[in-house]
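Q: Protein chains in written order, with the working numbering: chain B, 35 to 367; chain D, 15 to 294; chain Z, 352 to 611.
Please see the structure below; I have some questions.
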Amino acid sequence: MTALHAIDLEVGKGEFLALLGPSGCGKTTLLRLIGGFLTPTAGRIMIDGEDATDLPPERRRTNMVFQGYGLFPHMTVRQNIAYGLKIADRPAGEVAERTVRMAKVVHLEDLLDRMPATLSGGQQQRVALARALVMEPAVLLLDESLAALDLKLRKAMQDELRQLHLSLGGTFIFVTHDQSEAMALASRIILMRDGRVEQSGTPEQIYRHPNSRFAAEFIGDANILSGRRLSNRVYLDCGSECESAGRDGAVRLMIRPGDIHFSDQPCGEKEAVKVRGRIADTVFMGDHIRLTVMTEAGVKLVVHSPGARSDLTPSRDLTLRWPASAHRILESA
Amino acid sequence: MTSDRPRILQILPAATVFVLLFLIPLGYYLVISFWRLKSYRLTPDFTLANYSEVVHEYLAALIFTVLISLLTAAITTLLALMIAYMARFKMGKYGSLVLLVVLVTLFGGYLVKIYAWKTILGSQGILNAGLIQFGIVDEPVPWLLYSPVSVVITLVHFLLPFAVLPIYSSMREIGETPMAAARDLGAGSVRVFFDIVLPQSRPGIFAAFALSFLLAAGDYVTPRLVGGPETFMVGNFIESQFINRLNAPLGSALSFSTMITCGVIVLLVNWLLGRLLRPR
Amino acid sequence: MTPTTSSVVFWRAFGCLAIFFMLSPLVLVVVFSFGTNELATLPIGTLTFRWYSELFANTNFATALRNSLVVTLSVGLASTVTGVLAALAFARWRPAAANGAIMLLSLPVMMPPLVLAMALATSFSASKFQLGLHTVIPSHIVFTQPLVILILYAQLSSFNFAILDSARDLGASPWRAFRTVLLPLIGPTIIGAALIAMAVSLDDFVITFFTIGNGMTLPTLVWGMLRKGLDPSVNALGALILVATIGSSMLALGLTRYRG
Chain B
35 MTALHAIDLE VGKGEFLALL GPSGCGKTTL LRLIGGFLTP TAGRIMIDGE
85 DATDLPPERR RTNMVFQGYG LFPHMTVRQN IAYGLKIADR PAGEVAERTV
135 RMAKVVHLED LLDRMPATLS GGQQQRVALA RALVMEPAVL LLDESLAALD
185 LKLRKAMQDE LRQLHLSLGG TFIFVTHDQS EAMALASRII LMRDGRVEQS
235 GTPEQIYRHP NSRFAAEFIG DANILSGRRL SNRVYLDCGS ECESAGRDGA
285 VRLMIRPGDI HFSDQPCGEK EAVKVRGRIA DTVFMGDHIR LTVMTEAGVK
335 LVVHSPGARS DLTPSRDLTL RWPASAHRIL ESA
Chain D
15 MTSDRPRILQ ILPAATVFVL LFLIPLGYYL VISFWRLKSY RLTPDFTLAN
65 YSEVVHEYLA ALIFTVLISL LTAAITTLLA LMIAYMARFK MGKYGSLVLL
115 VVLVTLFGGY LVKIYAWKTI LGSQGILNAG LIQFGIVDEP VPWLLYSPVS
165 VVITLVHFLL PFAVLPIYSS MREIGETPMA AARDLGAGSV RVFFDIVLPQ
215 SRPGIFAAFA LSFLLAAGDY VTPRLVGGPE TFMVGNFIES QFINRLNAPL
265 GSALSFSTMI TCGVIVLLVN WLLGRLLRPR
Chain Z
352 MTPTTSSVVF WRAFGCLAIF FMLSPLVLVV VFSFGTNELA TLPIGTLTFR
402 WYSELFANTN FATALRNSLV VTLSVGLAST VTGVLAALAF ARWRPAAANG
452 AIMLLSLPVM MPPLVLAMAL ATSFSASKFQ LGLHTVIPSH IVFTQPLVIL
502 ILYAQLSSFN FAILDSARDL GASPWRAFRT VLLPLIGPTI IGAALIAMAV
552 SLDDFVITFF TIGNGMTLPT LVWGMLRKGL DPSVNALGAL ILVATIGSSM
602 LALGLTRYRG
């Protein structure tokens, strides 16, 4: 069973790269390969121009923040952070100075003499981060390390990580299954599935131009409508049509819920796709209302309506429309 | 099963056994160490004569016993550490096999094992026969049996499973992630062992050492069967005082002196381990 | 973790040596019990059951066997009952209190058996109790019940008692919940603990020796045979005891699914 198929990946200096995908897609395998905890059965790993493939983790210029943090339970925060420097035989003065400096960067300077068991999840996360960053690695690896934190804390840590990356300017690679986290942090996303790279690009690129149904559905919400293309015109099963150049055959159309407008709003473009349907369900999501609309043909669409509108009740008929530039045609299969 | 009153009733049987057959007998045994033996009859008294006899007559035996037991405990703990480490971190399934073998030999007969070593180490025993066969020596080595060597070997063999258990138990609690993190930060296997594994195994190591030490110090069957005339340990004296002279008070004084001495030493070892295994 | 080859070789060799060291005395006893050579040396001679038949013909053996069985079974039963009851109670205590209590009850196991034996012997004689099997059995219970408690508590401390509450919620009485939900789950462990208690009791020599008076069990029989000098059927007896205790403990380990 191949955990990871052949991959060609180049990461530039200073990038904040996200390895994104569902469980079992190979993202953690890839991260561990980079970190040196796994040896590839074929291929090479180059770090800063040097061949690192045969180097064990202790000799690679990478450092990892582990899932579960892996703090040394019998050492204080200070000893944890200083550990790598001590192993590298740095002079005591330098070790102390760099430890304190890094502790300040992650706001832990008051907790230096505490034991890990007495710290909260967020604090432990920061110790693990400091411990890795103080080594000034060529690449910092993060293994789903925000997964155990609750939502608010996770967002705060995401902000801190972004700040750290901006100020320290290193190369960060992190693994996550949370697409909103990947979009928030990464300068480039590698979307993976079943051991292969599905798509690579900036968050905006993948969001706007997903190459496949999987990519479209994994990042952001998506409506996928099936249809057929004949003579460069697509006929959707829900009854609408639009222009599209390409081969004849079955196709899918992807439209984001947030890009769909209602009939009484101006549409802007002449060539718009129109769909008629009835509101089946409304859910109040805070900053928007999520509408489930069923067409006469029985096709379901999800639409986001910004702001509060008391006239959007179930069983009300609606005309939906969107400009042709908003949707994306995906070739089937 | 959920209210509190039955709970106390539940521990009553075990507690009764404990009090009647441990606390009270031990208490009584302690008390008679202050009694006297008048014409082979036990007479209540309060005297420290027995203890002073211990100090005057048996100090050498006590010291010898302590030394041999320390040596035994040290060897046992070291070997147990290696076995537990191997079973836990190296060799996956093979390590579990070794662990299983060691644990199973925990049973299998106390006397049987001592008797087995007696036959192995004797002048005509397997070990000597093998040494002669392979030309390592010309004559049977006499000091393999009836000497401190045989006592130590036999005790180590008997105590090893008892020592492996707590150390392995401690090591099971050590997570793989901190070890991977240490390697990520530059530590080689040796460093990981001394910095991460050893400090966290300290409770198990201490338990193993204390148990081996105490059990070795109190043993009398082993020196009796495989030890020579020079290896009389305190246990032998306690037993002979009781059986041959019916001198329970002296036997008791010897017993408690030994236990107190051992207790003090165990506390010292605990402190020492704390200093040695502290992370730097 | 990719270990170096020299490391692999070292640990393999050490493992083999360890197994060899631990097992060879036991294996030798069994081997010699089947050999015609009277001295326990090589060559062992031809295969024979002579020592076993001599052993079985020994009247002391029959007595000792009977006594050992009586003691072992009684001790197994009694210490399992006291131990299980106590462990079930401890499982509901706070861990710190439970561990303290268990440690206390385990003191008899942690001291030199000789001291405990002498304490019991002097106490029995002072209270004018006759020594016999009826003094041996309670003496054994005091150091086997901690083992039962330890084994059972290890499983119970990670036990989710919420399932008992769900049984009650669904209408089961406390006794029924215990019988149908708890008991099946800890049943194998209880049996395993009982087997361990029995193995320990069967093998005990020191405490039995001082509390049995004129009687004998299998271990004291071995002792007697050893004192009398070279009797090769001692190997046979030793092999039997070995098989009984190891067999029972392996069964127990399998039942309790012991993983350390």
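Beta carbons: idealized from backbone N, C-alpha and C, even for Gly.
For a contact meaning CB atoms closer than 9 Å, what does Asp554(Z) contact in chain D?
A: Residues of chain D passing the Cβ test: Phe121, Gly122, Gly123, Tyr124, Leu125 and Val126.
Q: I'd like the list of long-range same chain contacts for Ile453(Z), defined as Cβ closer than 8 Å, with 5 residues on each side in sequence excluded.
A: Cβ within range, chain order: Phe441, Pro497, Ile500, Leu501 and Tyr504.
Q: Along the chain, where does the beta strand (DSSP E) containing Leu51(B) start, and where does it finish?
A: Residues Phe50 to Leu54.
Q: Considering only residues of the same chain and omitting the five flanking positions on each side of Val211(D), which have a CB-CB separation below 8 Å?
A: Taken in chain order, the residues that qualify are Tyr99, Phe103, Met185, Ile188 and Met193.
Q: Quick one: using the 10 Å Cβ neighbour count with 16 as the cut-off for buried, is Leu282(D) buried or exposed?
A: It is exposed - the Cβ of Leu282(D) has fewer than 16 other Cβ atoms within 10 Å.
Q: Report the neighbours of Gly202(D) on chain B: residues whose CB is nearer than 7 Å to its CB, in chain order.
A: The answer, in chain order, is Glu92.
Q: Would you decide whether Pro33(B) is buried or exposed? Buried here means 16 or more other CB atoms lie within 10 Å of its CB.
A: Chain B is shown from 35 up to 367; residue 33(B) falls before or after that span and cannot be answered.
Q: CA-CA distance, Leu264(D) and Leu145(D)?
A: About 44 Å.
Q: To the nearest angstrom, how far is the alpha carbon of Arg124(B) from that of Met191(B)?
A: Roughly 30 Å separates the two Cα atoms.
Q: Taking Ser83(D) as the reference, which of Leu199(D), Asn284(D) and Ile279(D) has the closest Cα?
A: Taking only the C-alpha atoms, the option nearest Ser83(D) is Ile279(D).
Q: According to DSSP, is Cys276(B) part of a helix, a strand, or is it coil?
A: Cys276(B): strand per DSSP, three-state reduction.
Q: Of all the CB atoms in chain D, is at least one closer than 9 Å to the CB of Leu482(Z)?
A: Answer no: the Cβ-Cβ gap between Leu482(Z) and chain D never drops below 9 Å.
Q: Per DSSP, what kind of secondary structure is Asp85(B) in: helix, strand or coil?
A: Three-state DSSP puts Asp85(B) in a strand.
Q: Of all Cβ atoms in chain D, is any one closer than 9 Å to the Cβ of Gly118(B)?
A: Yes - at least one Cβ of chain D is within 9 Å of the one on Gly118(B).
Q: Give me the chain D residues within the contact set of Leu105(B), using Cβ-Cβ distance strictly less than 7 Å, ordered along the chain.
A: In chain order: Pro192.
Q: For Thr275(D), which of helix, strand or coil comes out of DSSP?
A: Note: Thr275(D) maps to helix in three-state DSSP.
Q: Got a sec, what are the start and stop residues for the alpha helix (DSSP H) Asp193(B) sits in?
A: Unbroken alpha helix (DSSP H) run through Asp193(B): Leu185 to Leu202.
Q: How about Leu219(B) and Leu195(B): do their beta carbons lie closer than 9 Å?
A: In contact: Leu219(B) and Leu195(B) (Cβ atoms closer than 9 Å).
Q: Extract the residue ranges of the alpha helix (DSSP H) inside the segment 455-511 of chain Z, only unbroken runs of 4 or more that lie entirely within it.
A: DSSP runs (the alpha helix (DSSP H)) wholly in the segment 455-511 of chain Z: 458-461, 464-477 and 484-507.
Q: Can you give the beta carbon distance from Tyr42(D) to Ser474(Z), rounded, assuming they're within the 8 Å contact cut?
A: Yes, they are in contact, since the Cβ atoms of Tyr42(D) and Ser474(Z) sit about 5 Å apart, within 8 Å.
Q: Consult DSSP for Ser260(B) and reduce its assignment to one of helix, strand or coil.
A: It is a strand residue.
Q: Decide if the segment 563-582 of chain Z is in contact with the segment 517-526 of chain Z; the criterion is three or more beta carbon pairs, one per stretch, under 8 Å apart.
A: The segment 563-582 of chain Z vs the segment 517-526 of chain Z: no contact.
Q: Compute the distance between the beta-carbons of Ala201(D) and Arg165(B), then report whether it is under 9 Å.
A: Contact: no.
Q: If I follow the unbroken beta strand (DSSP E) through Met247(D), where does it start and stop?
A: Taken as a continuous stretch (DSSP letters only), Met247(D) belongs to no beta strand (DSSP E), as it is neither H nor E.
Q: Who are the near neighbours of Thr607(Z) in its chain, counting only those whose CB is closer than 8 Å to its CB and skipping five residues on each side?
A: Cβ neighbours of Thr607(Z) beyond the five flanking positions: Ile502, Gln506, Pro539, Thr540, Gly543 and Ala544.
Q: Have a look at Leu577(Z) and Val585(Z) and give me their C-alpha separation to the nearest angstrom.
A: Taking the straight line joining both Cα atoms gives about 7 Å.
Q: Using a Cβ-based criterion (distance less than 8 Å to any ligand heavy atom), does Glu215(B) qualify as near the ligand ATP?
A: What this structure holds is no ligand at all, so the ligand ATP is not there to describe.
Q: Using a beta-carbon distance below 9 Å, is Thr16(D) in contact with chain Z?
A: In this prediction, Thr16(D) scores a pLDDT of 48, lower than 50, which makes its location untrustworthy; the coordinate-derived value is nonetheless stated afterwards. Chain Z, which has a Cβ nearer than 9 Å to the Cβ of Thr16(D), makes this yes.
Q: Go ahead and pull the three-state DSSP assignment for Ile181(D).
A: It is helical.
Q: My output table needs one value for Ile140(D): the three-state DSSP class, helix, strand or coil.
A: Helix.
Q: Could you pull the DSSP bridge partners for Gln233(B) from this structure?
A: Note: Gln233(B) sits in a beta bridge opposite Leu225(B).
Q: Would you kindly check if the distance between the Cβ of Gly204(B) and the Cβ of Ala162(B) is under 9 Å?
A: No, they are not a contact pair.
Q: Residues of the segment 103-120 of chain D in Cβ contact with chain Z at a cutoff of 9 Å, in chain order, please.
A: From the segment 103-120 of chain D, only Phe103, Lys104, Met105, Tyr108, Gly109, Ser110, Leu111, Val112, Leu113, Leu114, Val115, Val116, Leu117, Val118, Thr119 and Leu120 have a Cβ closer than 9 Å to chain Z.
Q: So, helix, strand or coil for Gly386(Z), using DSSP?
A: DSSP places Gly386(Z) in strand when its eight states are reduced to three.
Q: Going by alpha carbons, who is nearest to Ser384(Z) out of Leu406(Z), Met373(Z) and Trp444(Z)?
A: Residue Leu406(Z) is the option with its Cα nearest to Ser384(Z).
Q: Secondary structure at Leu362(B), three-state DSSP: helix, strand or coil?
A: According to the sequence displayed, residue 362(B) carries Arg and not Leu. Here Arg362(B) sits in strand by DSSP.
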